[in-house]
Amino acid sequence: MTSSVKRSLTGILYNLLMDFKTNAKIGIIISFAIGILINGTLFTHLNTNNEVYQCTNIGFLQQGFIFMTVVFSIGIFISCSKQVFNRKFVFPLNRKIYALGNFFFIVIGSYIAMIIICALEIIEFVFSMICSSVTKVYYFIPTVSPKSFLSGFIILFSLMACIVSLVYLISVFFYKFKITTCIIISILIFGYFNITSINVFFINISTFYFNDTSVLFILIKFWISTIVFQLIAYTPIKFREVEK
Numbered sequence: 075m076t077s078s079v080k081r082s083l084t085g086i087l088y089n090l091l092m093d094f095k096t097n098a099k100i101g102i103i104i105s106f107a108i109g110i111l112i113n114g115t116l117f118t119h120l121n122t123n124n125e126v127y128q129c130t131n132i133g134f135l136q137q138g139f140i141f142m143t144v145v146f147s148i149g150i151f152i153s154c155s156k157q158v159f160n161r162k163f164v165f166p167l168n169r170k171i172y173a174l175g176n177f178f179f180i181v182i183g184s185y186i187a188m189i190i191i192c193a194l195e196i197i198e199f200v201f202s203m204i205c206s207s208v209t210k211v212y213y214f215i216p217t218v219s220p221k222s223f224l225s226g227f228i229i230l231f232s233l234m235a236c237i238v239s240l241v242y243l244i245s246v247f248f249y250k251f252k253i254t255t256c257i258i259i260s261i262l263i264f265g266y267f268n269i270t271s272i273n274v275f276f277i278n279i280s281t282f283y284f285n286d287t288s289v290l291f292i293l294i295k296f297w298i299s300t301i302v303f304q305l306i307a308y309t310p311i312k313f314r315e316v317e318k
């Protein structure tokens with residue numbers, strides 16, 4: 075790998091991570107606000123009505139993962155547009171650099187997003203401990219052990235990278251073949267709700283990924299899919315090349 079290629083790869087990765095910084099802030103604000111709102115409202119309701127409630131420390135893990143994945147996916151979709159692409163001050167920029175840059179960005183971005191989610195989970199843990207200690211109607215039951223936390227972190231990190239890679243694949247095809255991509259997506263969405271065979275197809279896909287007792291096999295499926303999505307997305311970005 076030549077110095078110019080390394081410089082270009084570093085440059086596009088830096089550009090993408092700077093864009094992700096804004097998206098991450100949005101995800102943090104949304105996740106934190108909704109989490110505090112839900113827990114605060116629940117705590118107030120329990121005290122007002124003198125009801126007893128048992129709480130587990132998984133709220134932010136679920137909400138945070140969903141919101142960060144959605145925000146990350148929206149960010150990667152926007153970053154594939156021609157307007158945003160043209161703002162990348164990287165030269166030379168060929169599809170190998172662009173593809174590698176996006177792959178590393180998705181992996182690093184997913185890892186950063188999971189770190190953020192874990193930080194929010196710590197806040198929820200402290201909040202729940204405080205609420206449990208100051209009232210008799212709110213009982214906090216920790217359910218996440220170090221072992222389950224590590225397994226969950228790795229699985230969710232891999233799942234996020236897989237989902238965002240799929241969105242990246244759809245995005246590059248969308249910006250290259252807008253009408254065709256929209257038609258295919260519309261047919262799949264319509265079929266999911268109205269055509270049994272397509273609905274069963276999606277259910278079978280979900281079963282394939284998640285109906286497994288081995289964490290290792292689940293991770294292998296996620297990462298193979300991630301790499302496959304990245305390889306398929308390699309073809310339509312040929313038109314984005316900027317050479318000397």
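Residue numbers for the sequence shown follow our numbering, so the first one is 75 and each next one is one higher. From the three backbone atoms N, C-alpha and C, an ideal C-beta is built for every residue, glycine too.
Non-local beta-carbon contacts of L293 in its own chain, meaning distances under 6 Å to residues more than five positions away in sequence, involve S232 in chain order. The beta carbon of I152 lies closer than 7 Å to those of V158 in the same chain, with the five residues before and after it left out. Looking at I204, I261, A235, the one whose alpha-carbon comes closest to that of N113 is I204. Across the set S222, I140, S207, S155, the C-alpha of I140 shows the shortest separation from the C-alpha of I190.
Per DSSP, reduced to three states, the secondary structure at C154 is coil, with no helix or strand assignment.
A straight-line Cα-Cα distance of about 20 Å links F282 and I269.
In this model, T115 and T122 are separated by some 10 Å (Cα to Cα). The beta strand (DSSP E) runs lying completely inside the region 203-250 and spanning 3 residues or more are 212-215, given in chain order.
Cβ contact annotation for V289 (same chain, cutoff 6 Å, sequence separation greater than five): S225, in chain order.
Around the C-beta of M234, 16 or more other C-beta atoms lie within 10 Å, and the residue is accordingly described as buried. Annotation for N268: the continuous alpha helix (DSSP H) segment containing it runs 252-268.
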